[in-house]
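> Read top to bottom, the protein sequences are chains A and Z.
For the first sequence, the working numbering assigns the number 114 to the last residue and increments by one with no breaks.
For the second sequence, the working numbering assigns the number 115 to the last residue and increments by one with no breaks.
Quick reminder that beta carbons are idealized off the backbone N, C-alpha and C, glycines included.
Mind looking over this structure? Questions follow.
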Amino acid sequence: EDKVVQSPLSLVVHEGDTVTLNCSYEVTNFRSLLWYKQEKKAPTFLFMLTSSGIEKKSGRLSSILDKKELSSILNITATQTGDSAIYLCAVLWAGNNRKLIWGLGTSLAVNP
Amino acid sequence: NAGVTQTPKFQVLKTGQSMTLQCAQDMNHEYMSWYRQDPGMGLRLIHYSVGAGITDQGEVPNGYNVSRSTTEDFPLRLLSAAPSQTSVYFCASRDTGGRQPQHFGDGTRLSIL
Numbered sequence: 003e004d005k006v007v008q009s010p011l012s013l014v015v016h017e018g019d020t021v022t023l024n025c026s027y028e029v030t031n032f033r034s035l036l037w038y039k040q041e042k043k044a045p046t047f048l049f050m051l052t053s054s055g056i057e058k059k060s061g062r063l064s065s066i067l068d069k070k071e072l073s074s075i076l077n078i079t080a081t082q083t084g085d086s087a088i089y090l091c092a093v094l095w096a097g098n099n100r101k102l103i104w105g106l107g108t109s110l111a112v113n114p
Numbered sequence: 003n004a005g006v007t008q009t010p011k012f013q014v015l016k017t018g019q020s021m022t023l024q025c026a027q028d029m030n031h032e033y034m035s036w037y038r039q040d041p042g043m044g045l046r047l048i049h050y051s052v053g054a055g056i057t058d059q060g061e062v063p064n065g066y067n068v069s070r071s072t073t074e075d076f077p078l079r080l081l082s083a084a085p086s087q088t089s090v091y092f093c094a095s096r097d098t099g100g101r102q103p104q105h106f107g108d109g110t111r112l113s114i115l
């Protein structure tokens, strides 16, 4: 059965810390991996990764895919209280119905 | 650019009532879907559509109906509301090929008493 597993499930850090969130997958027909941030409302898109070893960066956030290890990490440097959110990982299946397989998310709390 | 628009934002129903959650997108996306999100359960796919006139079931379709008469609209119908359907519902859309990320509506918080 295809699945996506995120770790840790929750994390509490202090402002200024650096965090690494993990996403591993077992998906038979991989097309891409996506990261989303969810605060009070809907998930908002962060990164889409299709190629192994190429880092995507946006400000203090970065992410990289390792297809050999079937995993991805999301790094956040110099965390701020506004980074507090649930971070969701999803894998896009390349089969006919192009389904997205979602992890349960990592809940990040950044304390001042 | 409106993106994905969901209505209503909040709704309280009594057990047995029916209602329709509306979803519209203006990005000409072929693929639309409905999710429910419950604590500890993540996002679970209810129904999806790969184009006008085509719909299919997701992981948790029971108690819900959908239709896709136009590319833009994808309403979700609760046939006879049950307390187990209390949840936050998200509509989403994307291109079928997966070349672009999925966009979400703001969600509907639904309570069934």
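In this structure, how does DSSP classify T22/Z when only helix, strand and coil are distinguished?
Strand, per DSSP.
> Could you say if the segment 26-38 of chain A and the segment 11-19 of chain Z meet the contact criterion of at least three C-beta pairs nearer than 8 Å?
They do not touch, by the three-pair rule.
> Opposite S95/Z in the DSSP bridges: which residues?
Partner(s): M34/Z and H105/Z.
> Using a Cβ-Cβ cut-off of less than 7 Å, give me the residues of the segment 97-110 of chain Z that come near chain A, in sequence order.
Those would be T98, G100, P103, Q104, F106, G107, D108 and G109, in chain order.
> Assuming contact is defined by CB atoms lying nearer than 8 Å, are L110/A and L13/A in contact in what I supplied?
Closer than 8 Å, so yes.
> Apart from the five residues on each side of it in sequence, which residues of its chain come closer than 8 Å, Cβ to Cβ, to A54/Z?
Cβ within range, chain order: R70, S71, T72 and T73.
> Using a Cβ cut-off of 8 Å, pull out every chain Z residue sitting near S34/A, in sequence order please.
Under the 8 Å cutoff, chain Z gives G100.
> With respect to the beta strand (DSSP E) encompassing M29/Z, which residues constitute its N-terminal and C-terminal limits?
Run containing M29/Z: none; DSSP gives neither H nor E here.
> Among residues of its own chain, excluding the 5 on either side of T52/A, which ones have a beta-carbon nearer than 6 Å to its beta-carbon?
Contacts found: S34.
> Whose Cβ in chain Z lies nearer than 7 Å to the Cβ of L94/A?
Residues of chain Z passing the Cβ test: G100.
> For G84/A, which three-state DSSP category applies?
Note: G84/A maps to helix in three-state DSSP.
> Could you check whether the Cβ of F92/Z sits closer than 8 Å to any Cβ belonging to chain A?
Closer than 8 Å to some Cβ of chain A, the Cβ of F92/Z qualifies, so yes.
> Taking the C-alpha atoms as reference points, what is the distance between F47/A and Q40/A?
So the two alpha carbons sit approximately 9 Å from each other.
> Could you give the first and the last residue of the continuous beta strand (DSSP E) run that contains Q40/A?
Where Q40/A is concerned, the enclosing beta strand (DSSP E) stretches over F32 to Q40.
> With distances taken between CB atoms, is the gap from R111/Z to H105/Z smaller than 8 Å?
No, these two residues do not count as a Cβ contact at 8 Å.
> Give the range of the beta strand (DSSP E) segment to which L15/Z is assigned.
It spans F12 to L15 - the beta strand (DSSP E) in which L15/Z sits, taken as one unbroken run.
> Check this for me: beta carbons of V21/A and G105/A, under 8 Å apart or not?
Not a contact, by the Cβ cut-off of 8 Å.
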